[in-house]
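See below for the structure under consideration.
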Amino acid sequence: MVLSRSLSPQMPGEHFRRAYPCWDEPAIKATFDITLIVPKDLVALSNCDVVSDQLLSPDGTHREVKFGTTPKMSTYLVAMVVGEYDYVEATSADGVRVRVYTPTGKKEQGLFSLDIAARALPFYKDYFNVAYPLPKLDLVAVANFAPGAMENWGLVLYRESCILYDPENSSGMFKQRAAAFVSHELAHQWFGNLVTMEWWTDLWLNEGFAVFMENLCVDHLVPEFERWTQFVSTEYSSTLELDALDSSHPIEVPVGHPKTIEEIFD
Numbered sequence: 001m002v003l004s005r006s007l008s009p010q011m012p013g014e015h016f017r018r019a020y021p022c023w024d025e026p027a028i029k030a031t032f033d034i035t036l037i038v039p040k041d042l043v044a045l046s047n048c049d050v051v052s053d054q055l056l057s058p059d060g061t062h063r064e065v066k067f068g069t070t071p072k073m074s075t076y077l078v079a080m081v082v083g084e085y086d087y088v089e090a091t092s093a094d095g096v097r098v099r100v101y102t103p104t105g106k107k108e109q110g111l112f113s114l115d116i117a118a119r120a121l122p123f124y125k126d127y128f129n130v131a132y133p134l135p136k137l138d139l140v141a142v143a144n145f146a147p148g149a150m151e152n153w154g155l156v157l158y159r160e161s162c163i164l165y166d167p168e169n170s171s172g173m174f175k176q177r178a179a180a181f182v183s184h185e186l187a188h189q190w191f192g193n194l195v196t197m198e199w200w201t202d203l204w205l206n207e208g209f210a211v212f213m214e215n216l217c218v219d220h221l222v223p224e225f226e227r228w229t230q231f232v233s234t235e236y237s238s239t240l241e242l243d244a245l246d247s248s249h250p251i252e253v254p255v256g257h258p259k260t261i262e263e264i265f266d
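According to UniProt numbering, the sequence shown is numbered sequentially starting from 1.
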């Protein structure tokens with residue numbers, strides 16, 4: 001049995017205050033300088049590129065990894081990943097280095113998502129007429145990641161089943177799922193990360209625009225998936241059914257307490 005070591009804190013809502021003293025609200029943005037001390041044999045990632053990576057004395061069992069200063073951003077988008085990973089790499093047409101990090105031995109399963117990500121960035125740049133503002137974009141497959149994905153700026157985390165695709169053993173459904181998840185989280189690099197709601201009451205704007213752009217992007221990149229036809233036959237119909245339930249709630253929900261935040265991520 002091979003045991004893989006990894007650490008990837010998930011800090012949406014008000015959880016970043018557990019890692020760093022801060023005003024943990026989406027409208028209050030700051031730059032971040034991240035430094036990680038990690039075992040020397042593990043990969044260390046954060047929102048920006050590594051600016052220095054050196055062994056610590058005297059025993060040399062750990063490394064100090066410093067990352068570049070982030071753009072001004074909300075605290076919930078800060079991310080750090082430490083673990084055992086392989087990766088595949090490409091450069092988008094607009095010059096952004098894109099990597100998909102996978103568990104060791106599975107990097108070939110990241111190739112399809114890498115292709116989607118590398119082509120989605122210039123699509124969004126042209127559509128919004130605003131360039132992706134970071135020099136790199138990392139997509140990481142995280143084992144047992146509770147949410148499907150999280151759009152941290154420059155370091156997007158995914159549940160393994162939402163980004164890895166094995167053409168020899170996975171069904172076409174998983175291929176379409178990977179394309180949708182990658183496109184959705186990359187849309188958030190603009191809707192949510194670059195432009196952010198003032199408060200969690202307006203979270204639906206983040207997600208609503210991202211869902212629309214996800215389908216627009218996938219339909220452009222892989223038209224044979226017929227994404228809009230599927231949207232009408234599946235998402236639209238199921239949404240109407242859910243909206244008819246007594247347990248349904250308005251898309252805009254007042255948030256007056258931190259504990260309420262996670263409840264609206266539905």
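Glycine is no exception: its CB is placed at the ideal position from the N, C-alpha and C atoms. Being a predicted model, the structure only gives us computed values, none of them experimental.
Exercise. Between which two residues does the beta strand (DSSP E) carrying Q54 extend?
Worked result: V50 to L55 is the span of the beta strand (DSSP E), which, as asked, contains Q54.
For this session: Report yes if the CB atom of K125 is closer than 9 angstroms to the CB atom of A131, and no otherwise.
Result: Yes, the pair counts as a contact, with Cβ atoms nearer than the cut-off.
Exercise. Under the three-state reduction of DSSP, which class applies to S46: helix, strand or coil?
Worked result: Under the three-state reduction of DSSP, S46 is assigned to strand.
Exercise. What residue ranges within the stretch 133–162 form continuous beta strand (DSSP E) runs of no fewer than 3 residues, ordered along the chain?
Worked result: Segments of the beta strand (DSSP E) lying fully in the stretch 133–162: 136–142 and 155–159.
Exercise. Run through DSSP, which three-state label would G83 get?
Worked result: In the displayed model, G83 falls within a strand according to three-state DSSP.
Exercise. If you compare alpha carbons, which of L55, T35, I37 and K72 is closest to P26?
Worked result: Out of L55, T35, I37 and K72, K72 has the C-alpha closest to the C-alpha of P26.
Exercise. Does the beta carbon of T229 come closer than 9 angstroms to any beta carbon on chain D?
Worked result: Among the chains in the structure shown there is no chain D, since it carries only a single protein chain.
Exercise. What separation, rounded to the nearest whole angstrom, lies between the Cα atoms of residue 268 and V50?
Worked result: No information on residue 268 is available, as it lies outside the stretch 1 to 266 that the chain covers here.
Problem set entry | D202 vs E252 beta-carbon contact at 9 angstroms | A contact, by the Cβ cut-off of 9 angstroms.
Exercise. If you check the beta carbons only, do A120 and V211 fall under 9 angstroms apart?
Worked result: Not in contact: A120 and V211 (Cβ atoms no closer than 9 angstroms).
Exercise. Quick one: is R18 buried, meaning 16 or more other Cβ sit within 10 Å of its Cβ, or exposed?
Worked result: Counting C-beta atoms within 10 angstroms of its own C-beta, R18 has fewer than 16 neighbours from the protein chains shown and is therefore classed as exposed.
Exercise. Straight-line CA distance for residue 269 to L42?
Worked result: Residue 269 is absent from the model: the chain starts at 1 and stops at 266.
Exercise. What's the gap between the Cα of residue 268 and the Cα of S233?
Worked result: Residue 268 falls outside the range modelled here, since the chain spans only 1 to 266, and no answer is possible.
For this session: Would you mind working out which of C217, G256, C48 and E185 sits nearest N206, comparing C-alpha positions?
Result: Ranking C217, G256, C48 and E185 by Cα distance to N206 puts E185 first.
Exercise. What did DSSP end up calling E185 once you bin it into helix, strand or coil?
Worked result: E185: helix per DSSP, three-state reduction.
Problem set entry | Assigned exposure category for E214 - 16 Cβ within 10 Å defines buried | Answer is buried; the Cβ neighbour count reaches 16.
Exercise. Just to confirm, are Y101 and V81 a CB contact at a threshold of 9 angstroms?
Worked result: Contact: yes.
Exercise. Across which residues does DSSP place E198 in a beta bridge pair?
Worked result: DSSP output for E198 lists no bridge partner at all.
Exercise. Just reading off the beta strand (DSSP E) that K66 is part of, what are its end residues?
Worked result: H62 to F67 is the span of the beta strand (DSSP E), which, as asked, contains K66.
Problem set entry | S248 classed as buried or exposed, judged by whether at least 16 other C-beta atoms fall within 10 angstroms | Taking a 10 Å sphere around the C-beta of S248, we find fewer than 16 other C-beta atoms and assign the residue as exposed.
For this session: Measuring alpha carbon to alpha carbon, tell me which of A143, I28, P21 and D24 ends up nearest L194.
Result: Put simply, of A143, I28, P21 and D24 the residue whose alpha carbon is nearest the alpha carbon of L194 is I28.
Problem set entry | Cβ-based burial, G256 [other Cβ within 10 Å; buried from 16] | A residue is called buried when at least 16 other Cβ atoms come within 10 angstroms of its Cβ; G256 does not meet this threshold and is exposed.
For this session: Taking only the alpha-carbon atoms, compute the straight-line gap between V96 and F112 and give it to the nearest angstrom.
Result: Near 17 angstroms, if we compare the C-alpha coordinates of F112 and V96.
Exercise. Which whole-angstrom value describes the C-beta separation of G192 and N47, a residue pair presumed to lie in contact below a C-beta threshold of 8 angstroms?
Worked result: 14 angstroms between Cβ atoms; not a contact.
Exercise. Since V218 is in the alpha helix (DSSP H), which residue starts that stretch and which ends it?
Worked result: Start and end: L203 to L221.
Exercise. Near A178, which residues of its chain fall below 8 angstroms by C-beta distance, leaving aside the five closest residues on each side in sequence?
Worked result: Answer for A178: F112, S113, I116, C162, I163, L164 and Y165, listed in chain order.
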